[in-house]
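Student:
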Amino acid sequence: MIKLKPIFAIAVLFFATSLVKADDGYRLWLRYVPVEDSKLMNEYRSQFTSVAISGNSETVSAIKNEIKIGLSGLLDKEVEISSTFKNQGLLIVTSSSEHKSLGISEETERLGNEGYLIIEKKINGKNTIIVASKTDIGALYGTFHFLRLVQTQQSFGKINIEESPKTTHRLLNHWDNLDRTVERGYAGFSIWDWHTLPDYIDQRYIDYARANASIGINGTVLTNVNANALILTPEYLIKVKALADAFRPYGLKVYLTARFSAPVEIGGLTTADPLDASVAAWWKSKIDEIYSMIPDFGGFLVKANSEGQPGPQNYGRNHADGANMLSTAVAHHGGVVMWRAFVYDNNVPDDRAKQAYNEFKPLDKRFNENIFVQVKNGAIDFQPREPFHPLFGALEHTPIMMEFQITQEYLGCATHLVYLAPLFKECLESDTYAKGKGSTVGKVIDGSLHNHTISGMAGVANIGNDRNWTGHPFGQANWFAFGRLAWNHNLSSEQIADEWLRMTFTNNEKFLKVVEPMMLNSRETAVNYMTPLGLHHQMARNHHWGPGPWVNVGRPDWTSPYYHRADSVGLGFNRSSTGSNAVAQYFPEVSDKFNSVKTCPEEFLLWFHHVPWNYSMKSGRSLWNELCYNYYSGADAVTQMQTNWQKVEKMIDNEQFNQVKQLLAIQAKEAVWWRNSMLLYFQQFSKQPIPNNYEQPDKTLEYYENLKFHFVPGIKGE
Ligand code: GCU
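Count along the sequence shown starting at 1, add 12, and that's the number in the working numbering.
1. Could you tell me whether any non-hydrogen atom of the ligand GCU is closer than 6 Å to the CB of E195?
2. Leaving out five residues on either side along the sequence, give the residues of the same chain with a beta carbon under 8 Å from the beta carbon of V623.
3. Starting from the Cα of Q679, find the closest Cα among V650, F201, K662 and Q695 and give me that residue.
4. Do you know offhand how far L114's Cα is from N125's?
5. Within its chain, find whatever has a CB closer than 7 Å to the CB of Y598; leave out the 5 residues flanking it on each side and keep chain order.
6. Looking only at its own chain, which residues have a Cβ that is under 8 Å from the Cβ of R577, when we skip the five neighbours before and after it?
7. Please determine, among P322, F379 and K662, the residue with the shortest C-alpha to C-alpha distance to Y356.
8. Thinking C-alpha only, which one of A241, N370, K146 and A647 is nearest N688?
9. Is A426 near Y575, with beta carbons less than 7 Å apart?
10. In three-state DSSP terms, what is R122?
11. How is N224 classed by DSSP in three states: helix, strand or coil?
12. Does G263 have its Cβ less than 7 Å from a Cβ in chain B?
13. Is any non-hydrogen atom of the ligand GCU found closer than 6 Å to the C-beta of F354, if you look at the structure I gave you?
14. By the 10 Å Cβ neighbour count, where 16 or more other Cβ atoms means buried, how is A284 classified, buried or exposed?
15. Cutting at 7 Å between CB atoms, please list the residues of its own chain near K170, excluding the five before and the five after it.
16. Enumerate in chain order the residues of its own chain whose CB-to-CB distance from G200 is below 7 Å, with the five nearest sequence positions on each side excluded.
17. Using CA coordinates, which residue listed in L184, N336 and S297 is at the minimum distance from K265?
18. Extract the residue ranges of the alpha helix (DSSP H) inside the region 230-279, only unbroken runs of 4 or more that lie entirely within it.
19. Quick check: the region 59-69 against the region 90-110, are at least 3 beta-carbon pairs closer than 8 Å?
20. Would you report the Cα separation of D36 and V45, rounded to the nearest angstrom?
21. Counting along the chain, where does the beta strand (DSSP E) carrying Q386 start and finish?
22. Whole angstroms is fine: what's the gap from E738's alpha carbon to Q59's?
23. Confirm the yes/no value for this check: CB of N238, any heavy atom of the ligand GCU, distance under 6 Å.
24. What are the start and end residues of each continuous alpha helix (DSSP H) run of 4 or more residues lying completely inside the region 520-575, in chain order?
25. For G749, does the three-state DSSP call read helix, strand or coil?
26. Answer with buried or exposed for E714, where buried requires no fewer than 16 other C-beta atoms within 10 angstroms of its C-beta.
27. Are A749 and R216 touching if we call contact CB-CB under 7 Å?
28. Might you give, ordered along the chain, the residues of its own chain that have their beta carbon closer than 8 Å to the beta carbon of G263, omitting 5 neighbours on each side?
29. Threshold first: 3 residues or longer. Then list the beta strand (DSSP E) segments lying entirely within the region 20-91, N to C.
30. Would P275 and L281 be called neighbours here (beta carbons separated by less than 7 Å)?
31. Where W41 and W512 are concerned, what is the direct C-alpha to C-alpha distance, given to the nearest angstrom?
32. Tell me, to the nearest whole angstrom, how far the beta carbon of W686 is from that of V672; I am working on the premise that it is less than 8 Å.
Right under this line is the structure:
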């Protein structure tokens, strides 16, 4: 045996403990570290050290695995798992014969295919926690819910939970290219390693599926909406099948993006006209081929006739013609088509915000049943704040799939801490008035307002092959929040933040008291230092990182002045009835409110109105002074986040503390960059001073305008 010299031995020991302690974020919110509260730990240990799990499918193996690593980690003790029920403290059951003997048939009957119960019952004299469902997937979701309760230190006495998702399709959209670059991705390269697939199944694929199942996500579109037809060739389909097989036990279906011109590019046809019989036959045979390999393939997401992508309009057809042709071929396999409403053509319209409504509203009755129109939360493009998209109120016969962006294309990339649940909730809670008061966007997209049988929410993923998946440790919270809201859009931002923080960092109340408000305010803070009062699309050209109010080259609706309309009179885009009249796309209750400068909520003022610089705001300040106030408050709030974060230094893992600390310093620097650039730029038009109680910019506008950046992540080249 080799004997270590004492000093060396101490060094090794130190290194080993620091390795054990450091948390690199890979485990996400599924860390399963020992329960911190010792009283609860004792309770859980006496209740849960033996578990019975019935069934023997691949999903049941996944449940067993999760209980094994989850509960053993949380209880810091090996947990026994048996498949026959005797007298265990925790039962996980799926089959209906067991429901009968446990006397819970009535309750489980009510559950849909993905729902579950978590209840307490006395069995053989022992208080038993039962997770029950109709399907194995329901039991998997219930298992993750059970583990979340332990992770967040909840008490189980008299527990009575009945859960079913509000939407049928809860999907991540990966904008991942086949060369592993990720469009608008800030966390490294794509996690899909196409080169080593199908033979090499990276553990990451399994952990990705686990993470998604833990928050109820049940589908993933693997490829970029700016699609490459190669994904539909046998060479790639075999790789897609390998991923589908790896994800299946976790209830995660795969979907692909369909390039509309694929019949020409890889099929050898001379046209992709959706009404041409040979084109329809090509897609049918391609789709049959996919289903012969992946029987539960989810379907297609399509970006057509937008930003240069091919589509039915190239052949004089409309969106419904294109979508219907594809949907017919997937329908008998149970698949869906998600046809995106993010369209704008090469002829610049009077107002880009109006285009999707203008193109899709007339087609409302024309789409087949298994088609979603997928609509971004706002009519422009994932801005820090947008009013809800008018299409949510306008389509009655067509199910709408919500599209949120989890990746922070317009929100500082992966270096800014911006918790997005408040942004998602703001849209979901907006009232469209489509069927009178209370017709919220949430009720539109969950299908309840218009009685649709399919319903859904998609989130453009912020995931890459960075060790911690999302670049910024707090980026994980946005993936988590998206999943939780797709499952139940009535959850509050507060509850989701609380769960995530406890699971990801600690249950220490002192930590939560500091960090929870910081998270909850972070979106408003970003709006303030980027685009307050309804300003939008002021980001630098192409990469969208940092300010660019001066960007004035290229097609008009890709420039900033198109959106801010600053002049000597004032600021803002007149979309009222005296301007582009985009307000008319909303129901009267909404449109009247937005149409008047007096009743328009100030957070949307410059979205809908061109407002004079000296206009008196509700605060009593002039528009110009209010703008200054917002920009300075935003930048100051980031400094405050830094001070607050410093308070939790000793409460969490050092590596994660330091990562966030450094990123907050970048955010603080960039918030000042935003503030100074925007105010100096608009000052040219307002011709008014920045009030002298504020620290004055120490650089000139020219300095900011001349900053050059190369290879900003998320786009190819430059
Ligand atoms: C934005 C984004 C593009 C993306 C497009 C889309 O314009 O900048 O990268 O392709 O949205 O949603 O299709």
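Each residue gets a CB set at the ideal place from its N, CA and C atoms; glycine is no exception.
Since the structure is predicted, the reported quantities are computational estimates derived from the model, not experimental observations.
Tutor: Taking the geometry as given:
1. Yes, the Cβ of E195 comes within 6 Å of a heavy atom of the ligand GCU.
2. Within the same chain, V623 has close Cβ partners G582, L583, G584, V609, L617 and L635.
3. Measuring from the Cα of Q679, the nearest candidate turns out to be V650.
4. Going by the C-alpha atoms only, they are around 20 Å apart.
5. If we look at Y598 and ignore the five residues flanking it on each side, its Cβ neighbours are P402, G405 and F606.
6. These residues qualify, in order along the chain: L583, G584, F585, N586 and H622.
7. The option with the nearest alpha carbon to Y356 is P322.
8. Distances from the alpha-carbon of N688 to those of A241, N370, K146 and A647 put A647 closest.
9. A426 is not a Cβ neighbour of Y575, given a cutoff of 7 Å.
10. Shown here, R122 sits in coil according to DSSP, grouped into three states, outside any helix or strand.
11. Secondary structure at N224: helix, using DSSP grouped into helix, strand and coil.
12. The question asks about chain B, but that chain is absent: this structure has only one protein chain.
13. In this structure, F354 has its beta carbon less than 6 Å from a heavy atom of the ligand GCU.
14. Buried.
15. Closer than 7 Å at Cβ, skipping near neighbours: E132.
16. For G200, the CB contacts under 7 Å within the same chain, skipping 5 residues up- and downstream, are G476, N477 and D478 in chain order.
17. Checked all of L184, N336 and S297; the closest Cα to K265 is L184.
18. Fully enclosed alpha helix (DSSP H) runs of no fewer than 4 residues occupy 246-259 and 274-277 of the region 230-279, in order along the chain.
19. Cβ pair count under 8 Å is three or more, so yes.
20. Straight-line measurement puts the Cα of V45 at about 14 Å from the Cα of D36.
21. Here the beta strand (DSSP E) through Q386 covers I383 to K388.
22. Missing from the structure shown is residue 738; the chain here goes from 13 to 730 and no further.
23. Yes, the Cβ of N238 comes within 6 Å of a heavy atom of the ligand GCU.
24. Qualifying alpha helix (DSSP H) stretches, in chain order: 521-542.
25. Residue coverage of the chain in this structure runs from 13 to 730, which leaves residue 749 outside it and unanswerable.
26. E714 should be labelled exposed.
27. Lying outside 13 to 730, the shown extent of the chain, residue 749 is not represented and no answer is given.
28. Taken in chain order, the residues that qualify are T71, E126, I149, L152, Y153, A225 and N230.
29. Counting whole runs of 3 or more residues, the region 20-91 contains the beta strand (DSSP E) stretches 62-65.
30. It is a contact, given that the beta carbons lie within the stated cut-off.
31. Their backbone Cα atoms lie some 7 Å apart in a straight line.
32. Cβ atoms of W686 and V672 stay farther apart than 8 Å, at about 20 Å.
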